[in-house]
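Chains as they are written, first to last, in the numbering used here: chain A, 214 to 789; chain B, 214 to 789. Where a beta carbon is used, it is the ideal one built from N, C-alpha and C, also for glycine. Predicted, not measured: the structure shown is a model, and the values here were computed from it. Written out below as structure tokens is the structure these notes cover.
Structure (structure tokens):
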């Protein structure tokens, strides 16, 4: 990867430049955050001409390293008002890497009120007016686009939600079987929509394989690395069998499964939505319990979930989504949740923000708790069509809370809090409060050590050790998010020493450099500090590094836990 | 005024306490801001149990001093997220003063989902469940309440918007003729609605007149003070004749009348909505061109505006409202605007936030520019009834902008920018950016010196001198807002030395103290600093002391002026 491609939507041109010296060694999140921090004015309007949307594959993307195919996207988030990086699998990252594109930077806004698509191939970048697919959902779009090119191209697209610049709009990519995966959080679909780009397609035809500088060393390290993924019980057994949804029963047992808009930590009907039930349902209906979201994925935590007739209903059916509509909205029917998941993928909205928002909407009386059919209808007919109600629902939990005057609104920096209650899993609460991303479990997944006993154990109900835990995990995650690796490699990386060492060996063999573990830690720290400074300059002061008031006032059953970190304690997170 | 009354909605009790030593000498804004800063946690939810709603008359309220009957209300604002003080005329302030109540502090949230009213009389404070008037508009309410008591009581009430906790909801008071005036800005009606209070009624029967400690000195000073109001051309002639709407033609001429959602500084149809046209229309229809909003008002800038049949349509028909729907929404028919004004008073929404929001809504395509009938319909049928569209519209300009992905959204700290374009009247731009209140012209009315040549002249198109101007005006205003005086006394105060000296003489004679001009300045500075610290602690860092990006990017006709203050220049505002 030796070039940076810029697309200027203001004059509909593209340009290619070599990677500047200061960006060498950066990729994925490290690079998107570096570029956003350097080139986007922190106080700019996130949907205005000054924001930039940056895509970057990881350091190892395109190689034969297992699970290295994640694509990062970065921009100023219209949802949080701060910096944002989110990443997903799919095929686009690998194709960008094969084309040698380390970063794709989309700048400016078009002068005319027209929609565009961008096609990136080996010898040409084409920006075309798009009319046929405007207003269409992602499933329709990806099939049309692949048919248009007559082959599997990589795709980054927005659904109707992104076209309407809704704050929950995400960016979709396709997996190797042309199912939808999402760069989900922070409303980056609205940024792409503001630039009037319906989709970007990528064709890597004619490119050579990505070759390490030292193939022998690389191969040896890759083999060790892959083995650690297989050997660890989470990445090798739990995730391939039950997907991420293995967590429903685990979190319910731990009393940390947020239920009925974060009013309890246990859900009576947890069995109906659990990973075990899902697995049995998938098998009974002829679906696929295991499936990879990107080429080279070895963990295979995705799945194909069929409906009662055995027809494809959804894939990438994640714990967060199932928790969000299940426990948090009290919807007991997994098929309703699967249908909601399909529609969210199709219209292009974040499948965490959206169910968190529906939990608040149910408390506001917009629809009853448990109304799965109502959720499906509102997703399709309101959010998908942009009715006034749909505009409200499409703006996320924080916005809905403000519109209906609600006080129990689980957001940090205006982003919905995911599937682990911070009162009874305090490590993840520190991550929610302090991450630069707004409430985001993936930025420092303390569940590993608080609940799964991966990387040791820190008592989830005690404050002791949580800030150090969250800090260390966030530093490590910022580095992992820069490699192109799936975050789930963190499970073996926390328990099996050869995992991290072989990962570093692969990077060193690929680039013929000599990174150490300390270098990787330093990279993670540097990424966090760059992001934090952007947020401060954007007006997200330390008072925004806080959980909503109700977590400190309402005790959560069954442990009657409250959120009891002081502001001063939380602020020590940044002592590094 | 020797007592503080607290209403605790959590247990539906009231209590009375003497004025603590540290609050002696404070009233109006100085007291509401002091109490909010001391007792409300800055990061609390503005609609939660921790916020407090504080009412306070001014230092001279209840006396015979001209124009001294303003009522201040303070709380954490759900609209801006910062501290808020707003004030209005009406009869309530005088009645509170006669009852000896220096501050009324409403705390907590009721346990049950019921609505309440509060009645304050000489010997008793009664908190009652209210059912009859729930869902009713303010006009219906005030007539019912006065009929219920069989006499003119003071009233603070919320309309349906406040009941629904909309962020543009205001608090209404009645003028001496039972017309509606409003504590307009910052969504304090939502705070009152969150506490489930439909109205507070006040009966001052049995109270003695408020007597100065030195009646002779007071009377002499009051006479001088009143004369200065009459002598100044703005307070003595322009405002009584044309009301605040005298400004339409003046601002249009200056190129600072924001038109079509702040895209021009001049409005072709300005004559149709001008103060001169309004005056002629009022006279022709048998209305009242001059009318006072509170007992003892001598400026009489209010008016009674009748419809074509000569029936009462609205009163307190202000320049800001007429500009907002007129130039900014391009509605040429003054009767449509008057009808909109009536409905806004009735449903209880801020008549600045609402038209600024409609300007953005028109640019978003929700209704066409110029559609006065559409505005009236949406006010009545959507905002008034809380449809999803009404919930969107009732949340103010910033919220609508986020929901529809708009970039040209004229707000500071999420509060709509009033009727003077900051690009071509730069002094008011500094006030908008730097005031603790969110965009608010009344907090430092630089129009006086930029446009009206009151208090000297500072060229509105140049940056030179504007920060000093805005700072000095904001300091003076914070002091005036603490006296109970109408802000329009600032016109003579800026030009006629006897105005300010007689004001201070009145305070000294009333309280038998020896304030100097320096003391008054020190009070103003202290109020601003208290408010600023609250905002910083609430997370409104200096990055929030900025105008929206588009003012720096788009030149405003006819002067092609842009907003060109640097952040560093703006931050010098706080150098005192």
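Item: Contact the region 456-475 of chain A vs the region 287-304 of chain A: 3+ CB pairs below 8 Å; Value: no
Item: Beta carbon proximity, residue 430 of chain A to chain B, threshold 8 Å; Value: no
Item: Residues of the region 744-758 of chain B whose Cβ lies closer than 9 Å to any Cβ of chain A, in chain order; Value: 749, 750, 751, 752, 753, 754, 755, 756, 757
Item: Continuous beta strand (DSSP E) stretch holding residue 369 of chain B: start and end; Value: 367-370
Item: With 16 other Cβ atoms within 10 Å as the buried cut-off, status of residue 789 of chain B; Value: exposed
Item: Simplified DSSP state of residue 633 of chain A, which is helix, strand or coil; Value: coil
Item: Inter-residue spacing [alpha-carbon to alpha-carbon] between residue 418 of chain A and residue 335 of chain A; Value: 7 Å
Item: Beta-bridge partners of residue 519 of chain B, as assigned by DSSP; Value: B:525
Item: Residue environment, residue 590 of chain B, which counts as buried when at least 16 other CB atoms sit within 10 Å; Value: exposed
Item: Minimum Cβ-Cβ distance from residue 768 of chain B to chain A less than 8 Å; Value: no
Item: Contact list for residue 617 of chain B against chain A, beta-carbon separation under 9 Å; Value: 377, 378, 604
Item: CA-to-CA distance, residue 748 of chain A to residue 250 of chain A, given in whole angstroms; Value: 9 Å
Item: Chain-ordered chain B contacts of residue 257 of chain A [CB-CB under 9 Å]; Value: 762
Item: Stretch pair the region 630-646 of chain B + the region 635-644 of chain A: three plus CB contacts closer than 8 Å; Value: no
Item: Reduced DSSP category for residue 299 of chain B - H, G, I as helix; E, B as strand; rest coil; Value: strand
Item: Where the beta strand (DSSP E) through residue 226 of chain B begins and ends; Value: 226-231
Item: Test: residue 620 of chain B CB closer than 8 Å to a CB of chain A; Value: yes
Item: Best match in A:285, A:730, A:318 for proximity to residue 217 of chain A [C-alpha to C-alpha]; Value: A:318
Item: Interface flag, residue 260 of chain B vs chain A, CB-CB below 8 Å; Value: yes
Item: Proximity winner among B:239, B:270, B:281, B:247, relative to residue 166 of chain B (alpha-carbon distances); Value: Coverage of chain B is limited to positions 214 through 789, which leaves residue 166 of chain B absent and any answer about it impossible.
Item: Nearest to residue 768 of chain B (by Cα), restricted to the options B:243, B:636, B:575; Value: B:636
Item: Nearest-angstrom beta carbon gap, residue 676 of chain A and residue 651 of chain A [assumed within contact, 8 Å]; Value: Residue 651 of chain A to residue 676 of chain A, Cβ: 22 Å. No contact.
Item: Helix, strand or coil at residue 671 of chain A [DSSP, three-state]; Value: coil
Item: Interface partners of residue 263 of chain A on chain B, CB under 8 Å; Value: 762
Item: Every unbroken alpha helix (DSSP H) inside the region 406-465 of chain A [4 residues or more]; Value: 428-444, 452-455
Item: Within chain A, partners of residue 374 of chain B - CB distance below 9 Å; Value: Simply none; closest approach about 11 Å.
Item: For residue 389 of chain A and residue 231 of chain A, the rounded distance between their alpha carbons; Value: 30 Å
Item: Where residue 780 of chain B sits in the DSSP three-state scheme; Value: helix
Item: Reduced DSSP category for residue 162 of chain B - H, G, I as helix; E, B as strand; rest coil; Value: Lying outside 214 to 789, the shown extent of chain B, residue 162 of chain B is not represented and no answer is given.
Item: Contact with chain B by residue 623 of chain A, beta-carbon distance below 8 Å; Value: no
Item: Three-way DSSP call (helix, strand, coil) for residue 492 of chain A in this model; Value: helix
Item: Cβ shell of residue 622 of chain A (< 7 Å), same chain only, five flanking positions each side left out; Value: 573, 610, 611, 614, 761
Item: Inter-residue Cα distance where the pair is residue 440 of chain B and residue 265 of chain A; Value: 60 Å
Item: Short CB-CB distance (under 8 Å) between residue 501 of chain B and chain A; Value: no
Item: Counted within 10 angstroms of its Cβ, other Cβ atoms place residue 426 of chain A as buried (16 or more) or exposed; Value: exposed
Item: Status (buried if at least 16 other CB within 10 Å, exposed otherwise) for residue 519 of chain B; Value: buried
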